[in-house]
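Number of protein chains: 2
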Amino acid sequence: MDFGNGGEHRHGRVLVVGGTHGNERNGLWLLDQWRQHPGQLNRHGLALELVVGNPAAAQDNRRYLERDLNRSFSPELLSDPNAQDYELRRARELLARHGPEGHDPCLVAIDLHSTTAAMGNSLVLYNRQPATLALAAVLQRRLGLPIYLHESDLQQSGYLAACWPCSLVIEVGPVAQGLVCGTICQQSQIAVETALEALSQARAGAIPLGSELVVHRHLRSIDLPRHDDGSPAALVHPRLQDRDWRPLGAGGPLFLAMDGRVTALIPEQGEASEHFWPVFINEAAYGEKGIALSLTRREVLPVTAGWAASLTALAKRLKRDLP
Amino acid sequence: MDFGNGGEHRHGRVLVVGGTHGNERNGLWLLDQWRQHPGQLNRHGLALELVVGNPAAAQDNRRYLERDLNRSFSPELLSDPNAQDYELRRARELLARHGPEGHDPCLVAIDLHSTTAAMGNSLVLYNRQPATLALAAVLQRRLGLPIYLHESDLQQSGYLAACWPCSLVIEVGPVAQGLVCGTICQQSQIAVETALEALSQARAGAIPLGSELVVHRHLRSIDLPRHDDGSPAALVHPRLQDRDWRPLGAGGPLFLAMDGRVTALIPEQGEASEHFWPVFINEAAYGEKGIALSLTRREVLPVTAGWAASLTALAKRLKRDLP
Numbered sequence: 215m216d217f218g219n220g221g222e223h224r225h226g227r228v229l230v231v232g233g234t235h236g237n238e239r240n241g242l243w244l245l246d247q248w249r250q251h252p253g254q255l256n257r258h259g260l261a262l263e264l265v266v267g268n269p270a271a272a273q274d275n276r277r278y279l280e281r282d283l284n285r286s287f288s289p290e291l292l293s294d295p296n297a298q299d300y301e302l303r304r305a306r307e308l309l310a311r312h313g314p315e316g317h318d319p320c321l322v323a324i325d326l327h328s329t330t331a332a333m334g335n336s337l338v339l340y341n342r343q344p345a346t347l348a349l350a351a352v353l354q355r356r357l358g359l360p361i362y363l364h365e366s367d368l369q370q371s372g373y374l375a376a377c378w379p380c381s382l383v384i385e386v387g388p389v390a391q392g393l394v395c396g397t398i399c400q401q402s403q404i405a406v407e408t409a410l411e412a413l414s415q416a417r418a419g420a421i422p423l424g425s426e427l428v429v430h431r432h433l434r435s436i437d438l439p440r441h442d443d444g445s446p447a448a449l450v451h452p453r454l455q456d457r458d459w460r461p462l463g464a465g466g467p468l469f470l471a472m473d474g475r476v477t478a479l480i481p482e483q484g485e486a487s488e489h490f491w492p493v494f495i496n497e498a499a500y501g502e503k504g505i506a507l508s509l510t511r512r513e514v515l516p517v518t519a520g521w522a523a524s525l526t527a528l529a530k531r532l533k534r535d536l537p
Numbered sequence: 215m216d217f218g219n220g221g222e223h224r225h226g227r228v229l230v231v232g233g234t235h236g237n238e239r240n241g242l243w244l245l246d247q248w249r250q251h252p253g254q255l256n257r258h259g260l261a262l263e264l265v266v267g268n269p270a271a272a273q274d275n276r277r278y279l280e281r282d283l284n285r286s287f288s289p290e291l292l293s294d295p296n297a298q299d300y301e302l303r304r305a306r307e308l309l310a311r312h313g314p315e316g317h318d319p320c321l322v323a324i325d326l327h328s329t330t331a332a333m334g335n336s337l338v339l340y341n342r343q344p345a346t347l348a349l350a351a352v353l354q355r356r357l358g359l360p361i362y363l364h365e366s367d368l369q370q371s372g373y374l375a376a377c378w379p380c381s382l383v384i385e386v387g388p389v390a391q392g393l394v395c396g397t398i399c400q401q402s403q404i405a406v407e408t409a410l411e412a413l414s415q416a417r418a419g420a421i422p423l424g425s426e427l428v429v430h431r432h433l434r435s436i437d438l439p440r441h442d443d444g445s446p447a448a449l450v451h452p453r454l455q456d457r458d459w460r461p462l463g464a465g466g467p468l469f470l471a472m473d474g475r476v477t478a479l480i481p482e483q484g485e486a487s488e489h490f491w492p493v494f495i496n497e498a499a500y501g502e503k504g505i506a507l508s509l510t511r512r513e514v515l516p517v518t519a520g521w522a523a524s525l526t527a528l529a530k531r532l533k534r535d536l537p
């Protein structure tokens, strides 16, 4: 995505979004609490914009009304005058208001999600923008968070966070849709406050990032085996359930049919056959997308000087929260 | 509920219902599997009726369309000619077909549910019909299942299972709505097969029940603290989350507000103040009912000879599954 040239010297705030999916209620709960009790969130001196991503879906406790808002931020869709779903109109509105080029611009986006998969407290990145990698490196160094680098997925794109030059998705689970759960909220809040602390420190000068960033890079997603009529013919193997982020070797169990037949993991051509790291195992909302889990490859990225420089330059343009 | 007199000598089948709530998909999955692969369910020689409780809601992956089907089986609603919600029409249809007085009668109802609460593999009973208590006693003896005796709740009534003279709700969790999870299915199937085995043994003669049945008897439900506008002012305390079936003393933590304030458990007048056993802690579907958890009292019921006699008499009228 082209972030334009005009905005490179503009100042802006940090966007914190909850309820991009209206039935992921932990982020919505936190936004409500932080609005009612501003003292309950340590802003580390930064000016925030707290926004409900999909207010109509949140009202209905549904993921979305007409289409997934978090697959609606693609340039093709946004620029199509005939595409007028509620979520597309909302995506345009969010960008017009708080995009990097918006009326009231934000330079960083933190998008709060939860999942029915046992992802723990984790981060999702959609690209390798240096400021994003730098911020993720700080969170991984301080909190040990695993990172799903969800890039180069031709089937899934149009993510909200990818529209900002520095962004994080904080993804916490397992928690059912529609449910507010204390530990999920606590984990989300810790990640938000650590990100704000890092941005504040970057704003004040250099910030130590460590020497490497461990990411789990997206390879491909796998659907359940299905009958001819599209109905599932097996379920996620009980030995795989809740094993997000744990290595799974070639031949490892993926699915179990009622008659006991096991579908094993078969590497595709070109994939080295040692180990894969599955993520988003049995996320309830992904059934309709034909995704029972996604396979990743664990990779270590060396931290470059450019990452910290990029984050620092961007953080210096962050507005302060003047009391 | 009056089960009538005419049916006492009729023969009938065992009704197994999944998807009474359309987004509790483990029971739906099992029904599909058992229909496709009848050999995958040990029927113990009994004729079954496998029924999707709320097919329209299941189609939409929603709990219900117009009203909760599992609160629609009250005599007042069923007999009200002006009450024509989809779920009321479906309740009447199920009773007309497979009620104890129906065209194709069933004598026992087993209703498969799942919950976002950490209830484990458990049973819910709505009354103390002797055949129901007897069947529950066998399952508790063989599988150790805890039992929520959900009786005398003026706010919640109209349950499907309560319309049959012998019934069980098999309630398994935690699992998110909309999700099929192998271990949840396995636990449900074990409970169903054990119930069918018990009915088959009762049909063949006496069945040993043990000397006592431990139940957790419903006392009352508790809602979240709420603001004047109805929005929640606190969440389930993280120290209570997932502690279903564990004793909670007076003064124990119920809810936690963002500012750290704790709502403690205060016994009501007439309640002895030692211990309560909470169940359905933070069930996602109960928010709209104003229920954050229910309190129970653990009680030991002595098994009486009448229970086994009642179950045996009923089981002798069960049709066999002739190959």
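Note that the protein sequences, when read in sequence, are chains A and B.
Going by our numbering, the first residue of the first sequence is number 215, and it counts up by one from there.
Going by our numbering, the first residue of the second sequence is number 215, and it counts up by one from there.
Every residue, glycine too, gets a C-beta built ideally from N, C-alpha and C.
Owing to the predicted nature of the structure, the values given are computational and were not obtained by experimental measurement.
Near the ligand NAD: residue i beta-carbon under 6 Å from a heavy atom
i        : result
B:LEU264 : Absence of the ligand NAD is noted for the structure shown, with no ligands found whatsoever.
Cutoff 7 Å: residue i Cβ touching any chain B Cβ
i        : result
A:THR397 : yes
A:PRO283 : The question names Pro, but residue 283 of chain A is Leu in the sequence shown. A:LEU283 does not count as touching chain B.
A:HIS251 : yes
A:LEU438 : no
A:ALA519 : no
A:GLN254 : yes
Buried/exposed call for residue i, threshold 16 Cβ in 10 Å
i        : result
A:ASP458 : buried
B:ASP216 : The predicted model places B:ASP216 with a pLDDT of 44, which falls under 50 and marks its position as unreliable; any figure quoted below should be read in that light. The residue in question, B:ASP216, is exposed, as its Cβ has fewer than 16 Cβ neighbours within 10 Å.
A:VAL514 : exposed
A:GLY218 : Model confidence at A:GLY218 stands at a pLDDT of 44, short of 50, so the residue's coordinates are unreliable and nothing is read from them.
B:ARG304 : buried
B:HIS225 : exposed
B:GLY474 : exposed
A:THR518 : exposed
B:GLY396 : buried
B:GLU497 : buried
B:GLN401 : buried
B:HIS327 : buried
Separation of residue j from residue i, as counted between CA atoms
i        : j        : result
A:GLY316 : B:GLY334 : 49 Å
A:TYR203 : B:LEU393 : This structure gives no information on residue 203 of chain A, because the portion of chain A shown stretches from 215 to 537.
B:CYS571 : B:GLN354 : Residue 571 of chain B lies beyond the range of chain B shown here (215 to 537); nothing can be said about it.
A:ALA375 : A:ILE436 : 24 Å
A:GLN403 : A:THR234 : 17 Å
A:LEU427 : A:ALA527 : 20 Å
A:GLU407 : B:GLN247 : 47 Å
B:ARG281 : B:ALA272 : 14 Å
A:ALA332 : B:ASP294 : 46 Å
A:ARG534 : B:VAL383 : 56 Å
B:GLY220 : B:PRO314 : Unreliable placement is indicated for B:GLY220, whose pLDDT of 43 sits below 50; the coordinate value is still reported in the next sentence. Cα-Cα distance, rounded: 10 Å.
A:TRP521 : A:ALA345 : 6 Å
B:LEU244 : B:ARG431 : 29 Å
A:GLN415 : A:PRO422 : 10 Å
A:TRP378 : B:GLY387 : 39 Å
Minimum C-alpha distance to residue i - residue among the options
i        : options                                   : result
B:ALA420 : B:LEU291, B:ALA412 and B:GLN401           : B:ALA412
A:CYS380 : A:GLY466, A:ALA478 and A:VAL338           : A:VAL338
A:SER508 : A:VAL428, A:SER366 and A:TYR300           : A:SER366
B:ALA478 : B:SER336, B:PRO452 and B:ASP456           : B:PRO452
B:PHE490 : B:THR510, B:VAL386, B:GLN343 and B:ALA498 : B:THR510
B:HIS258 : B:ALA486, B:GLU497 and B:ARG417           : B:ARG417
A:GLY465 : A:PRO492, A:TYR340, A:GLY424 and A:ILE480 : A:ILE480
B:HIS312 : B:VAL266, B:ASN496, B:GLY372 and B:ASP282 : B:VAL266
B:ASN284 : B:ALA350, B:LYS503 and B:ASN256           : B:LYS503
B:THR329 : B:SER524, B:PRO516 and B:PHE494           : B:PHE494
A:GLU385 : A:LEU438, A:ILE324 and A:ALA486           : A:ILE324
A:VAL228 : A:ASP318, A:LEU242, A:PRO289 and A:GLN391 : A:ASP318
B:MET472 : A:ARG249, A:GLY444 and A:ARG239           : A:ARG249
B:ASP456 : A:ALA350, A:LEU462, A:ILE398 and A:GLU301 : A:ILE398
B:ARG440 : B:ALA506, B:ALA405 and B:ALA409           : B:ALA506
B:GLY424 : B:GLN254, B:VAL352, B:LEU309 and B:VAL476 : B:VAL352
Test: residue i CB closer than 7 Å to a CB of chain A
i        : result
B:PRO452 : yes
B:GLN273 : no
B:GLY334 : no
B:THR330 : yes
B:MET215 : Note on B:MET215: pLDDT 44, under 50, position unreliable in the model; no value is reported.
Whole-Å CB distance - residue i paired with residue j, under 8 Å assumed
i        : j        : result
A:PHE287 : A:TYR373 : 6 Å
B:GLY236 : B:ASN268 : 5 Å
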